[in-house]
Structure formats: C-alpha cells, structure tokens
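Chemist:
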Amino acid sequence: MRRLGVVLGLAVLAAACGGSGGGGAGGGAPAKGGPTVAMMPKNKGNPYFVSCHKGGQEAADQLGVKLLWDGPTETDPAKQNEVVEAWITRGVDVIAVSVENKEAISTVLRKARAKGIKVVTWDADAEKDARDVFVDQATPQGIASVLLDHTSRLLGGKGSFAIITASLTAANQNEWIKNIREQLAAKYPDLKLVDIRPSDDDRKRAFDETQTLLKVHPEVKVIMAIASPAVPGAAEAVRQSGRTDVKVTGLGLPNASKPYLKDGVLDSVVLWNTMDLGYLTVSVANALARGTLKQGKGGLDAGRLGPKDVDGDHIVLGTPFTFTKENVDGFDF
Amino acid sequence: MAAPEAAAAAPAPARTGRGGHTHEWLLLALVVAETAYFAYAGSNFFTTGNAGEVARASVEIGLLALALTAVILTGGIDLSVGSLLGLAAVLMGSAHRDLQWPIAAAALVGIGVGVGGGVLNAALVARLGVPPLIVTLGTYSLFRGIAEGFTGGIRNYTDFPPALLFLGQGRLPGGVPAQVPLLVAAAVFFWLLVHRTPIGRGVRAIGFSPEGARFAGIPVARRLSLVYVLSGAMAGLAAVVYAARLGQAKADAGSGYELFAITAVVLGGTSIFGGRGSVHGTLLGLVAVALLQNGLRLSDQPAELAGILTGVLLIGAIGANRLVAERSRA
Numbered sequence: 010m011r012r013l014g015v016v017l018g019l020a021v022l023a024a025a026c027g028g029s030g031g032g033g034a035g036g037g038a039p040a041k042g043g044p045t046v047a048m049m050p051k052n053k054g055n056p057y058f059v060s061c062h063k064g065g066q067e068a069a070d071q072l073g074v075k076l077l078w079d080g081p082t083e084t085d086p087a088k089q090n091e092v093v094e095a096w097i098t099r100g101v102d103v104i105a106v107s108v109e110n111k112e113a114i115s116t117v118l119r120k121a122r123a124k125g126i127k128v129v130t131w132d133a134d135a136e137k138d139a140r141d142v143f144v145d146q147a148t149p150q151g152i153a154s155v156l157l158d159h160t161s162r163l164l165g166g167k168g169s170f171a172i173i174t175a176s177l178t179a180a181n182q183n184e185w186i187k188n189i190r191e192q193l194a195a196k197y198p199d200l201k202l203v204d205i206r207p208s209d210d211d212r213k214r215a216f217d218e219t220q221t222l223l224k225v226h227p228e229v230k231v232i233m234a235i236a237s238p239a240v241p242g243a244a245e246a247v248r249q250s251g252r253t254d255v256k257v258t259g260l261g262l263p264n265a266s267k268p269y270l271k272d273g274v275l276d277s278v279v280l281w282n283t284m285d286l287g288y289l290t291v292s293v294a295n296a297l298a299r300g301t302l303k304q305g306k307g308g309l310d311a312g313r314l315g316p317k318d319v320d321g322d323h324i325v326l327g328t329p330f331t332f333t334k335e336n337v338d339g340f341d342f
Numbered sequence: 048m049a050a051p052e053a054a055a056a057a058p059a060p061a062r063t064g065r066g067g068h069t070h071e072w073l074l075l076a077l078v079v080a081e082t083a084y085f086a087y088a089g090s091n092f093f094t095t096g097n098a099g100e101v102a103r104a105s106v107e108i109g110l111l112a113l114a115l116t117a118v119i120l121t122g123g124i125d126l127s128v129g130s131l132l133g134l135a136a137v138l139m140g141s142a143h144r145d146l147q148w149p150i151a152a153a154a155l156v157g158i159g160v161g162v163g164g165g166v167l168n169a170a171l172v173a174r175l176g177v178p179p180l181i182v183t184l185g186t187y188s189l190f191r192g193i194a195e196g197f198t199g200g201i202r203n204y205t206d207f208p209p210a211l212l213f214l215g216q217g218r219l220p221g222g223v224p225a226q227v228p229l230l231v232a233a234a235v236f237f238w239l240l241v242h243r244t245p246i247g248r249g250v251r252a253i254g255f256s257p258e259g260a261r262f263a264g265i266p267v268a269r270r271l272s273l274v275y276v277l278s279g280a281m282a283g284l285a286a287v288v289y290a291a292r293l294g295q296a297k298a299d300a301g302s303g304y305e306l307f308a309i310t311a312v313v314l315g316g317t318s319i320f321g322g323r324g325s326v327h328g329t330l331l332g333l334v335a336v337a338l339l340q341n342g343l344r345l346s347d348q349p350a351e352l353a354g355i356l357t358g359v360l361l362i363g364a365i366g367a368n369r370l371v372a373e374r375s376r377a
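Here the protein sequences line up with chains A and B, keeping their order.
Just so you know, we're using this note's numbering here: the first sequence kicks off at 10 and counts up by one.
Just so you know, we're using this note's numbering here: the second sequence kicks off at 48 and counts up by one.
1) Please look up how many angstroms separate the CB atoms of residue 229(A) and residue 171(A), rounded, as I've assumed it's under 8 Å.
2) Pull up the CB-CB distance for residue 316(A) and residue 147(A), whole angstroms please, since I reckon it's below 8 Å.
3) Give me the DSSP bridge partner(s) of residue 224(B).
4) If you follow the beta strand (DSSP E) that residue 323(A) is in, where does it begin and where does it stop?
5) Please return the same chain residues whose Cβ sits closer than 8 Å to the Cβ of residue 310(B), not counting the five positions on each side in sequence.
6) Given this structure, state the Cα-to-Cα distance separating residue 79(A) from residue 344(B), to the nearest angstrom.
7) Which residue's Cα is closest to the Cα of residue 258(A): 252(A), 119(A) and 266(A)?
8) Return yes when the Cβ of residue 133(A) is within less than 8 Å of the Cβ of residue 107(A), no when it is not.
9) Only counting the same chain, and skipping five residues up and downstream in sequence, which positions put a Cβ closer than 6 Å to that of residue 237(B)?
10) Below 7 Å on C-beta distance, what does residue 100(A) contact in chain B?
11) Using 8 Å as the limit for Cβ to Cβ distance, is residue 310(B) near chain A?
12) For residue 325(A), verify whether its CB is less than 7 Å away from any heavy atom of the ligand HEM.
13) For the stretch 130 to 156 of chain A, which residues have a beta carbon sitting closer than 7 Å to at least one beta carbon of chain B?
14) Shortest alpha-carbon distance to residue 180(B) belongs to which of 259(B), 320(B), 351(B) and 366(B)?
15) From the DSSP output, which residues share a beta bridge with residue 316(A)?
16) By DSSP, does residue 323(B) sit in helix, in strand, or in coil?
17) If you draw a straight line from the alpha carbon of residue 83(A) to that of residue 260(B), how long is it in whole angstroms?
18) Residue ranges of each alpha helix (DSSP H) run of no fewer than 4 residues wholly in the stretch 205 to 245 of chain A, ordered along the chain?
19) Does the stretch 88 to 100 of chain B come within contact of the stretch 286 to 296 of chain B, defined as at least 3 CB pairs closer than 8 Å?
20) Nearest-angstrom Cα distance between residue 324(B) and residue 125(B)?
21) Would you check if the stretch 283 to 300 of chain A and the stretch 39 to 58 of chain A touch, i.e. whether three or more CB-CB distances between them fall below 8 Å?
22) Assuming contact is defined by CB atoms lying nearer than 8 Å, are residue 142(B) and residue 152(B) in contact in what I supplied?
23) Is the beta carbon of residue 107(B) closer than 8 Å to that of residue 275(B)?
24) I want to see whether chain A comes within less than 8 Å of residue 371(B), judged by CB atoms only; does it?
25) Indicate whether at least one CB of chain A lies closer than 8 Å to the CB of residue 168(B).
26) Alpha carbon to alpha carbon, how far is residue 351(B) from residue 31(A)? Give it in angstroms, no decimals.
27) Let me know if residue 65(B) comes out buried or exposed under the rule of 16 or more other beta-carbons within 10 Å of its beta-carbon.
28) Contact check, residue 311(A) vs residue 302(A) under 8 Å by CB: the rounded distance?
29) Give me the Cα-Cα distance between residue 85(B) and residue 354(B), rounded to the nearest whole angstrom.
30) Give me the subset of the stretch 342 to 368 of chain B whose CB atoms are less than 7 Å from a CB atom of chain A, sorted by chain position.
31) Please list the residues of the stretch 188 to 209 of chain A that have a C-beta atom closer than 8 Å to any C-beta atom in chain B, keeping them in chain order.
32) Measuring straight from C-alpha to C-alpha, what distance separates residue 257(B) and residue 173(B)?
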C-alpha cells in the first residue's frame, strides 16, 4: 500500500507542475514584431462567426498580428470562461470576445485586464468595466429601425408579427428586442408583436418553433428571425406550411438565405458585413496593443475600411445593409 | 452487522494484488508525459499559476467523478449528475435571490436538492430494483427539465455575494484556489470509504455479484442507496462550486458533465461492470483529461482536438490495460 501513496504523491506533484513560481501570465511578450490577439466567437461552427474569422485573419495578415481563434463548439457559457482563463495563463496581448453571457464572462475579463491584457468585446458586449473597447456591428436602434421598416412594409402598416430570437438570454438579441418594442410604441401603433420564441442558434430548433408559432398564432403574417441560423429555419417552416400569406424577414447571412430569398418566402435579410466586423475587431485590437488608438473622429485607421470614429469605448462598424432577391448574388459569406 | 459483512466480502475483491496497480502506473506515466510535452509546447503551462487553474477547473467534474467511482464499483451508473447539478444550481440561485435567503442557507438548499435527487435515484434503484441506467436516464431528463421549466430557460441567477464568489474565484494563502480543499476532502472521504471500510468492501462485492453479496449477508439495498445518495450530494456540492466559479446559475449548468465524470472514472481503471477500480485511479484519470484540455489551449491548439485526444486516450488506456492483463494471465 505504500506504493499507492507514492503513486498519489507523484500524481499530485505532476499535477502541480512543480511550479517554480512562474506565477501566471503578465502581459505576454509580443511575438516577433506584432502583438498576439486572441479572438473568441460565441460558437465556432456558426457560419456567421466563420466569416468574421476570415475578415479577422485578413486584417491580422496585413498588420503582422498573430491571431488565435478559439471558442466553444456548442453554446456553453462555462466554455468561454475556460478559454479566456487559458489565454490569461498563456499570456496574450489582447483578448477579443463575442460575449455569450455577460455576467459569467465579465469576471474573467476583469481578471485579464488586471493582468495588463487589453480586452475588446465585439459583436456582443460584456459589462462596461470588464473591457476596454466594444466593437459594435451596428447600433441596436439602427437594426430595430430597419427590421421594423421591412415588417411594416410587408404588413401594409397593420397586423401581427412574431420574433424568433437566438436564446432568450442572448444579450444582443434582447437589446434589439427592447429597441423594437420602443419603436413599435412610438412609430408603429398598428403593428402587434404577439410572441418571441428562442432558437438557441439552431436551425432545426427555429424550424420547430416557427411551425408551432404558425399553428398557435394563425394571425401572424410576418416572422422576424433575428439570429442567423434562425432565418433559413423559419423560412423552411413557412415554405413547408404552404402559407403563402406569411413572409419572413430578419437578420441573417446571405448564403444561407439565398434559396429562400429566390423563392420569395424570405423577403429581406438585414445584416452588416461580417467579414468587415472581424477585420475591424482585429484592427482595433492591434491599435490597442500598439497604443495607436486615438479618441474622436477618425481615431482609428481601419485599413481598407478607412478611418473609423472612436467614441469613448465604442466603435461602430456602420449602418445595417439589406440583402434582397436582387442583390444577394453579389455576396458570398 | 459490520463484522460478518467484512468477513464475507473479504474473499471477493481479494487483493487487487501487487501487480494490480499496472493501470495506475500507466496513467501516471501518461500524466508525466503530458506535463513534459505541454511544458515544452505550451506557453506558461509549467507554472504554479496554471496548476491552480487546472485544479480549479477540475473541481466540479472531480466531485462528480469521485462519487461516480463508488456508483460504478457497484456495477451501476448515474447519468443524472450533470442535470442534478443544473437543478441544484438554479434552486440555490432562486433561494438566494427570490427568497432572499442568506448565501449559506442557499448553498445548503443546493446541496439539499442534490441529496433529494440522490434519494430519488436510490429509491428507484435500490428499493424497486429498476436498472440504474434506466432510472438515471430518466432522472437525467427529469432534473434538467425541471430546471428549465423552473427558469423558463431564461432566468439566470447572478448577483451572488463576494463570499460565495471567493469560493469559486479566489485563492487561499499559498495560491491554492479556494474550492480545491473541497475536492481534496471529498477525495480523502471517498478513498477511505471505498478502500478502508467494510462499506467499501460491500460496494465492491455488489459489483462482482449482487446475488453473492446478498447471500454473504451484505445489506445490498442499503449500500446501493448510500452510493446514489452520495452521488446526488456531490452533484449538489458541485452546483455550489459551479455557481461560485461562474458567478451565475442557469438551467444549462453542468450539461454534459456526467460524461466527463464517467470518462475520468473509466480512464482511471474502474471497470464499468463493477467490482474493480480505485478512487486514486479516478483522480489520475481526472488529472490526465484536465491537463490535456488545458495544455492544448496553452499551446494554441483548437479545442476540438481535446475531444479527439480524450477519446483516443480513453480507448488507448483501456485497450493497453486489457493487453497487459491478458499477457500477465497467459
């Protein structure tokens, strides 16, 4: 039995890694030349984030940035924290996160900042004191306004619609929904939002929820799908239902939306250029690491995107863009 | 009661023998190899700071795996622990925020929910004799379902007080993550229980042969109940640690944890058919998997690789163990 003790003792020793007081990260010496930027999506498998990665890599290559890209393969709030913890230990110069869950991630992001790592949030924000800068794809007011314009046009200014969202806790979507409600009250008194259903960023789930919605609320004539996998899911459900009086609009990726835009089930898809979002995020991270980010108009030189305004800790990509049957073929992401 | 039980069970597991620790040595070599490789390939892997983070990240799975070792030694399984963790976490969050209970009381609610879930599993397995796979597959859905229903899938309990957050995020003097002593205490408890008490011998005897154990005078139902209740209690405790570490409790807390825990147990050499296995093996299995995940991240490898390599590790280790066992028998 003494041998068991030895086994255990050695195991503990090995696990403790002998640690000669390395004591955590510190800023992490910049790799030869450029800074190391660690960038995390909410979900690596989502084509939305795949295209963000593409744009981010493009900027990284131009700027001499070493880009790390990792994140959960499924929506799991604990996973994002674990990856950030590992990056803090590894030592990177900038951590850029698309936040799945505000409260959970903010603690580790604060820890990263305390260790001298610059923190950028992009696509979805954390708590304000947990990051240096938020790279915003579009303002919630802008998104809500464009989506409601399309909905109102489709309903002829009067009628019922429903929303298929990402998850009921997704920060971005909830911010948009809040703005949609405000603008509904102020500008569209005859439009009625009858239900909000979750899709958990899953196409199949969006399909199921839309089918149920159509049965439970036959008066709904527009489905507004505000998560990128939810758009084709909702459109497929409407197509299979044979209800030609129901149209889908929403916020999604052009490639996945193409077939539905072409056959008319899907009227319009609103989005920003996701590759530009990734590109801008890496540009911001690079400027932060090198200390070249300036406040005010044109405070950031964003390469092929031109100069961008830096408003405190907020940098906006631009106004949303609408993909339709006519223009969608010009895009491939 | 204890005396005849001890005497009766003694011949069954016998000694795993001097040569019986091959698997543990193999695992230890693996852990050392992982450490050496990642110390070379990873950045800041071989530091006390990182050792702390690996330990911190392993506590919840570790608590579940320790209790599961006892369950699996009886030839049973408990698939419900991850779901029970989620249920305990949200009810604890609700007790704290909705009922305004002090955090210590809320934590006891979490552990109590775990024990309650364990009692339900125990009653169905031990009293009604329903196969554990079926019982806990049922409660796996049941517990998660209640947690989702209770929160509508939406509510996320946050705003936990600093005292609880310290347990999950703080460090004790000497740099030890605050939750690690809990895992150490649980490890000592389960090691003594399984390897040093008549109860432990009874548990193994049940794993070898429930009928034989019954004829040998072992209170089979009572022993089975104990391991499932302990499993639930550990899920409750893990829920408290989870909420403390992430500062939030949502219905999806701990999803998939049951499989990580079972992986650690099986990798640690415990036979899925019961009878054979050890608590220290489980700890080694836990460390091997945790180091792999951490090390891959620190050497900039994608997270998917961790899944692939964990699978390879599990199949490889068990296969190697089988080969060695065959050869030594031949």
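Glycine included, C-beta positions come from ideal geometry on N, C-alpha and C.
These numbers were taken from a predicted model, which means no experiment stands behind them.
Modeler: According to the structure data:
1) The Cβ separation is near 5 Å, so the contact holds.
2) So it is not a contact: roughly 18 Å between Cβ atoms.
3) Residue pairing by DSSP puts residue 224(B) in a beta bridge opposite 218(B).
4) That run of the beta strand (DSSP E) goes 323 to 325.
5) For residue 310(B), where only same-chain residues beyond five positions count, the Cβ hits under 8 Å are 332, 336, 357 and 361.
6) Rounded to the nearest angstrom, the gap between the Cα atoms of residue 79(A) and residue 344(B) is 9 Å.
7) With respect to the C-alpha of residue 258(A), the residue from 252(A), 119(A) and 266(A) having the closest C-alpha is 266(A).
8) Going by C-beta atoms, residue 107(A) is nearer than 8 Å to residue 133(A).
9) Once the five neighbours on either side are set aside, the close Cβ partners of residue 237(B) are 113 and 326.
10) For residue 100(A), the neighbours in chain B by C-beta distance under 7 Å run, in chain order, 90 and 91.
11) Not closer than 8 Å to any Cβ of chain A, the Cβ of residue 310(B) fails to qualify, so no.
12) Judged by which ligands are present, the structure shown has none, so any question about the ligand HEM falls away.
13) Hits within the stretch: zero.
14) Nearest C-alpha to residue 180(B): 320(B).
15) In the DSSP assignment, residue 316(A) forms a beta bridge with 310(A).
16) Here residue 323(B) sits in coil by DSSP.
17) If I take the Cα positions, the gap works out to 44 Å.
18) Listed in chain order, the complete alpha helix (DSSP H) runs (minimum 4 residues) inside the stretch 205 to 245 of chain A are 212 to 225.
19) No, they do not touch.
20) In a straight line, the C-alpha of residue 324(B) is about 16 Å away from that of residue 125(B).
21) Under the 8 Å Cβ criterion, the stretch 39 to 58 of chain A counts as touching the stretch 283 to 300 of chain A, having at least three qualifying pairs.
22) The answer is yes: Cβ separation under 8 Å.
23) At a Cβ-Cβ threshold of 8 Å, residue 275(B) and residue 107(B) do not count as neighbours.
24) Not an interface residue.
25) Output row for residue 168(B): interface = no.
26) Caution applies to residue 31(A), whose pLDDT of 35 falls short of 50 and renders its modelled position unreliable; the model cannot decide the point.
27) Low local confidence applies: a pLDDT of 44 at residue 65(B) is under 50, so the model's placement there is unreliable, and no value is given.
28) Distance from residue 311(A) to residue 302(A) at the Cβ level is roughly 11 Å; contact not present, criterion being Cβ atoms closer than 8 Å.
29) Taking the straight line joining both Cα atoms gives about 17 Å.
30) Correct list: 344, 345, 347, 349, 350 and 351.
31) For the stretch 188 to 209 of chain A, which is checked against every Cβ of chain B, the residues closer than 8 Å are 207.
32) If you draw a straight line from the Cα of residue 257(B) to the Cα of residue 173(B), it is about 11 Å long.
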